[in-house]
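2 protein chains.
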Amino acid sequence: MKGIRQLAEHLDISIGTVSRALNGKPDVNEETRKRVLAAAEQLGYVANQSGRSLRQGTTNVIGLMIQSSRETVENSDNFFLTVTGGLQSVFSRHKLDLVMLPCPHDEDPYEYLKRMVARRIVDALIISETQRVDKRFDLLAKTKIPFVALGRSLSDGNASWIDLDFDGVVNSAVDRLVAHGHRRIAISAPSSDINLGFVFVEGYRRALERHGIIHDPALVIRAKSSEQGGYQVADELLRLEDRPTAVILIYELMAIGFYRRVMESGIIPGRDIAVVGFREAPRAKFLQPPLTCFRTSLHDLGVELAEILLSGMPAYSEEYPGKTRQTIWPLELMPGESDAFELGTKK
Amino acid sequence: MKGIRQLAEHLDISIGTVSRALNGKPDVNEETRKRVLAAAEQLGYVANQSGRSLRQGTTNVIGLMIQSSRETVENSDNFFLTVTGGLQSVFSRHKLDLVMLPCPHDEDPYEYLKRMVARRIVDALIISETQRVDKRFDLLAKTKIPFVALGRSLSDGNASWIDLDFDGVVNSAVDRLVAHGHRRIAISAPSSDINLGFVFVEGYRRALERHGIIHDPALVIRAKSSEQGGYQVADELLRLEDRPTAVILIYELMAIGFYRRVMESGIIPGRDIAVVGFREAPRAKFLQPPLTCFRTSLHDLGVELAEILLSGMPAYSEEYPGKTRQTIWPLELMPGESDAFELGTKK
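Protein chains in written order, with the UniProt record's numbering: chain A, 1 to 347; chain B, 1 to 347.
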């Protein structure tokens, strides 16, 4: 790679003039400027922003840490790629770039984050898939790197976060099912320690309580958040002696596996069992009967996430005044046919 | 963030001793070492690898540039997340980290890459979705950054690349269909300038020629590489006066949209029309009748991609001797039922 010195030598012009030409300073005549830019292009000159950044202490790069497991790779619905579009639409206004930091599935997310912090390639961080107890909050607070979390945690302290409204989703799902006569309502919950699972199950318990329904632990079915997990949930549910009449699934793609398993047993969602899914998913949209689920704009979620982050960074905070730094992100019910029947005999 | 100076002051030990303790040098007594490490953890000390890197001229980070459009986000099959796992399994041996560089969909990939190069956050680059003519090859060759492309291009020169065997796929698809009596075989091709589309269509023409079949341009149907694109291909195909009896689809998810459209017209794949898909996809695996398609390990592809890249980097090349630096990656035919019928009347 050519540096500014090589460029100056090639053109036989002083480094100072080349620098002023490259930086668009007015005291360089037009012809010289054109010659410099043409030579820069031709020789592959690239400004060394790393040196520049070290002086400024910034890289102008924001990192989004994602965890990928073999499971999520197979099953993921490109949640992150969609959020990324929203993030970039905000960052680009400030000439900031977004990089994704994929934590390998065999590495501890805390150790990974520690190393990425040490690499100093980003000015600020977004973490995701927050665990019930998540040491990453503490690490980032100590290192004083600006950050925001996509997801709450018991460990979040005063940190900024945005989280989907798991509580709101499970509340409207329970209300809707109870209104249709259901009392035995099952729920799927993740088998991991991801915080959203706790929020979801807790919201479910409170919603049942509100309707005077006694919570039966057998109806909380733990499974992986995947198509296969949905298949397994249906399988467990079919083996229960006192079968539930309705089920709320936490992960969008679970519905695909769930449908498959119950249909294998001749049970039709929306006729024999009520099913409410979580987020509307392109992959699940061809399910028959159409799934009742919840809609949100992941792009807009990305925009909000970016703005919360920038509102906490001194260089940008003035442009994002009065930003609420801990936000619950709403989802809207999309009624389908998977729960569109009245239960004849209330249990 | 605490630096080594703050750490030394906090412990009331010299900076030299703290440094030797942190770096595991033997001339520090065990108790001091423990005290230093405990304080480092407690105070959130993080080694400044950016300063270290500047001296070494490296960041130990490899970038994978991906392009995302609204379309690919909705339709993508997490191709990249799977390849990423393979890449990381190799990079981790060398304590290298992978970051993903998502080019915003409204930005020119060349300009984006130029900026990311200037940011100097990566030691080497992997580019993907290579276009027929792709200026990025020239840019990277000039900047002398080690790189490898996932995909060929007319512009690739002597650059390293790995590419899926589009030619092999279309050859076996045509052979298989011709053996079942088909002569009017349609093909889907991307509506963009992505290089793989050219390779695919060219391979198709040569395969037909080999069988003495005259190529009919009406049978090359251009569409977006998405479910919706597949729907559109079927729609165009149904409107042809002299309908083809078979079709080869270039993108895995096209099959889903294609099935949907033909079935709306009462036409059943594997009975009324032969369909061969491209890569086996988790999302397409529930299609009925099962789709004839091609299988490959994207994880292994990632491993190979990483090894080709490292073989071209002076610091690692010795460990990867004799690596072929331009590689066609094979796919294996997975016979399904979507083309499992003999055509009665040969046209």
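Ideal Cβ placement from N, Cα and C applies to all residues, glycine included.
(request) State the CB to CB distance for the pair residue 148 of chain A and residue 273 of chain A, rounded to an integer number of angstroms; the pair is presumed to be in contact (CB under 8 angstroms). (result) For the purposes of this step, residue 148 of chain A is identified with residue 148 of the first sequence, where counting begins at 1. For the purposes of this step, residue 273 of chain A is identified with residue 273 of the first sequence, where counting begins at 1. With a beta-carbon spacing of about 39 angstroms, residue 148 of chain A and residue 273 of chain A fall beyond the 8 angstroms limit used to define contacts.
(request) Note down, in chain order, every chain A residue with its Cβ under 8 angstroms from the Cβ of residue 116 of chain B. (result) Position 116 of the second sequence, counting from 1, holds the residue named residue 116 of chain B. The answer, in chain order, is 97.
(message) By alpha-carbon positions, which one of B:63, B:288, B:271 and B:293 ends up nearest to residue 277 of chain B?
(response) Taking the first residue of the second sequence as 1, we reach residue 277 of chain B at position 277. That would be B:293, whose Cα lies nearest to the Cα of residue 277 of chain B.
(message) Given a cut-off of 8 angstroms on the beta-carbon distance, is the pair residue 83 of chain B and residue 302 of chain B in contact?
(response) Mapped onto the second sequence, residue 83 of chain B falls at position 83. Mapped onto the second sequence, residue 302 of chain B falls at position 302. The Cβ atoms of residue 83 of chain B and residue 302 of chain B sit closer than 8 angstroms to each other.
(request) Please report the residue range of the alpha helix (DSSP H) in which residue 318 of chain A lies. (result) Counted from its first residue, the first sequence places residue 318 of chain A at position 318. Element bounds for residue 318 of chain A: n/a, residue is neither H nor E.
(request) Examine the Cβ distances between the stretch 92 to 106 of chain B and the stretch 86 to 104 of chain A and report whether three or more of them are shorter than 8 angstroms. (result) Contact holds: three or more Cβ-Cβ distances are below 8 angstroms.
(request) Assign residue 26 of chain B to buried or exposed, taking buried as 16 or more other Cβ atoms, counted over all protein chains shown, within 10 Å of its Cβ. (result) Within the second sequence, the letter at position 26 stands for residue 26 of chain B. Residue 26 of chain B should be labelled exposed.
(request) Could you list the residues in the stretch 271 to 305 of chain B with a C-beta less than 8 angstroms from some C-beta on chain A, going in chain order? (result) 282, 283 and 286
(request) Round the Cβ separation of residue 130 of chain A and residue 60 of chain A to the nearest angstrom and send it over; I've been treating them as touching at under 8 angstroms. (result) For the purposes of this step, residue 130 of chain A is identified with residue 130 of the first sequence, where counting begins at 1. For the purposes of this step, residue 60 of chain A is identified with residue 60 of the first sequence, where counting begins at 1. Between residue 60 of chain A and residue 130 of chain A the Cβ distance is about 26 angstroms, and since that is not below 8 angstroms, they are no contact.
(message) Quick check: what's the CA-CA separation for residue 233 of chain A versus residue 188 of chain A?
(response) Taking the first sequence and counting its residues from 1, one reaches residue 233 of chain A at position 233. Taking the first sequence and counting its residues from 1, one reaches residue 188 of chain A at position 188. If you take the alpha carbons of residue 233 of chain A and residue 188 of chain A, they lie about 7 angstroms apart.
(request) Using alpha carbons as the reference points, say which of A:67, A:29, A:13 and A:94 lies closest to residue 415 of chain A. (result) Missing from the structure shown is residue 415 of chain A; chain A here goes from 1 to 347 and no further.
(message) Out of B:154, B:3, B:66 and B:191, which one is the CA nearest neighbour of residue 43 of chain B?
(response) One-based indexing of the second sequence puts residue 43 of chain B at position 43. It is B:3.
(message) Closest to residue 199 of chain B by C-alpha separation, out of B:153, B:35 and B:219, would be which residue?
(response) Against the second sequence, residue 199 of chain B aligns to sequence position 199. Measuring from the Cα of residue 199 of chain B, the nearest candidate turns out to be B:153.
(message) For residue 324 of chain B, tell me which candidate among B:310, B:331 and B:250 has the shortest Cα-Cα distance.
(response) Here residue 324 of chain B refers to the residue found at position 324 when the second sequence is read from its first residue. Here the closest residue by C-alpha is B:310.
(message) On the DSSP bridge list, what partners appear for residue 330 of chain B?
(response) Taking the second sequence and counting its residues from 1, one reaches residue 330 of chain B at position 330. Per DSSP, none; premise fails for residue 330 of chain B.
(request) Go through the stretch 109 to 146 of chain B residue by residue and report every complete run of the beta strand (DSSP E) that reaches 3 residues or more, in order. (result) Whole beta strand (DSSP E) segments, 3+ residues: 124 to 128.
(request) List the endpoints of the continuous beta strand (DSSP E) containing residue 61 of chain B. (result) Reading the second sequence from its first residue, position 61 is the one you call residue 61 of chain B. Segment 61 to 67, the beta strand (DSSP E) holding residue 61 of chain B.
(request) Taking 8 angstroms as the cut-off, decide whether the C-beta atoms of residue 165 of chain A and residue 331 of chain A are in contact. (result) In the first sequence, counting from the first residue as 1, residue 165 of chain A sits at position 165. In the first sequence, counting from the first residue as 1, residue 331 of chain A sits at position 331. In this structure, residue 331 of chain A lies closer than 8 angstroms to residue 165 of chain A by Cβ.
(request) Please go through the same chain and pick out, in chain order, the residues whose beta-carbon is closer than 8 angstroms to the beta-carbon of residue 177 of chain A, but skip the five residues on each side of it. (result) Residue 177 of chain A sits at position 177 when you count from the first residue of the first sequence. Closer than 8 angstroms at Cβ, skipping near neighbours: 185, 246, 248, 274, 276 and 339.
(request) Give a yes or no on whether 8 angstroms exceeds the smallest Cβ distance from residue 88 of chain A to chain B. (result) As a first step, residue 88 of chain A must be located in the first sequence, where it is residue number 88. Judged by the 8 angstroms Cβ criterion, residue 88 of chain A is in contact with chain B.
(message) Is there a C-beta anywhere in chain B that falls below 8 angstroms from the one on residue 171 of chain A?
(response) In the first sequence, residue 171 of chain A corresponds to position 171, counting from 1. False, the Cβ-Cβ gap to chain B never drops below 8 angstroms.
(message) Taking 8 angstroms as the cut-off, does the stretch 201 to 211 of chain A touch the stretch 222 to 241 of chain A (at least 3 CB pairs, one atom from each stretch)?
(response) no
(message) Beta-carbon within less than 8 angstroms of residue 5 of chain A's beta-carbon, same chain only, minus the 5 sequence neighbours each way: which residues are those?
(response) Locating residue 5 of chain A in the first sequence gives position 5, where the first residue counts as 1. Around residue 5 of chain A: 15.
(message) 8 angstroms is my cut-off, CB to CB: does residue 68 of chain A come that close to chain B?
(response) One-based indexing of the first sequence puts residue 68 of chain A at position 68. Interface residue, yes.
(request) Tell me the start and end of each unbroken beta strand (DSSP E) in the stretch 200 to 256 of chain A that is at least 3 residues and wholly inside, in chain order. (result) 220 to 223 and 246 to 248
(message) Which same chain residues end up closer than 8 angstroms to residue 32 of chain A when comparing Cβ atoms and leaving out the 5 residues on each side of it in sequence?
(response) Along the first sequence, read from residue 1 onward, the residue named residue 32 of chain A stands at position 32. Excluding sequence positions up to five before and after residue 32 of chain A, its CB lies within less than 8 angstroms of the CB of 13, 17 and 21, all in the same chain and listed in chain order.
(message) So for residue 97 of chain A, helix, strand or coil by DSSP?
(response) Numbered from 1 along the first sequence, position 97 holds the residue referred to as residue 97 of chain A. Reduced to three states, the DSSP call for residue 97 of chain A is strand.
(message) Measuring straight from C-alpha to C-alpha, what distance separates residue 51 of chain A and residue 119 of chain B?
(response) Counted from its first residue, the first sequence places residue 51 of chain A at position 51. Counted from its first residue, the second sequence places residue 119 of chain B at position 119. With a pLDDT of only 45 at residue 51 of chain A, under the threshold of 50, the placement of this residue in the model should not be trusted, and no figure is reported.
(request) Can you check DSSP and say which residues form a bridge with residue 162 of chain A? (result) Start at 1 with the first residue of the first sequence, and residue 162 of chain A comes out as number 162. Beta-bridge pairing links residue 162 of chain A to A:150 and A:327.
(request) Report yes if the C-beta distance between residue 190 of chain B and residue 225 of chain B is below 8 angstroms; otherwise report no. (result) Within the second sequence, residue 190 of chain B is the residue found at index 190, counting from 1. Within the second sequence, residue 225 of chain B is the residue found at index 225, counting from 1. A contact, by the Cβ cut-off of 8 angstroms.
(request) Under the assumption that residue 169 of chain B contacts residue 145 of chain B (Cβ atoms under 8 angstroms), give the Cβ distance between them as a whole number of angstroms. (result) In the second sequence, residue 169 of chain B corresponds to position 169, counting from 1. In the second sequence, residue 145 of chain B corresponds to position 145, counting from 1. Not a contact, Cβ separation roughly 32 angstroms.
(request) To the nearest angstrom, report how far apart residue 136 of chain B and residue 163 of chain B are at their CA atoms. (result) Indexing the second sequence from 1 puts residue 136 of chain B at position 136. Indexing the second sequence from 1 puts residue 163 of chain B at position 163. Each residue's Cα considered, the two are about 17 angstroms apart.
(request) Could you check the C-alpha separation between residue 140 of chain B and residue 115 of chain B for me, to the nearest Å? (result) Position 140 of the second sequence, counted from the first residue, corresponds to residue 140 of chain B. Position 115 of the second sequence, counted from the first residue, corresponds to residue 115 of chain B. The alpha-carbon atoms of residue 140 of chain B and residue 115 of chain B are separated by roughly 12 angstroms.
(message) Residues of chain A with CB closer than 7 angstroms to the CB of residue 104 of chain B, please, in chain order.
(response) Translated into positions along the second sequence, residue 104 of chain B becomes position 104. Chain A residues near residue 104 of chain B: 88 and 92.
(message) Going by DSSP, what residue range makes up the alpha helix (DSSP H) through residue 4 of chain B?
(response) Here residue 4 of chain B corresponds to residue number 4 of the second sequence, with the count starting at 1. Where residue 4 of chain B is concerned, the enclosing alpha helix (DSSP H) stretches over 4 to 11.
(message) If you reduce the DSSP assignment to three classes, tell me which class residue 271 of chain A lands in.
(response) Looking up residue 271 of chain A in the first sequence gives position 271. It is coil, neither helix nor strand.
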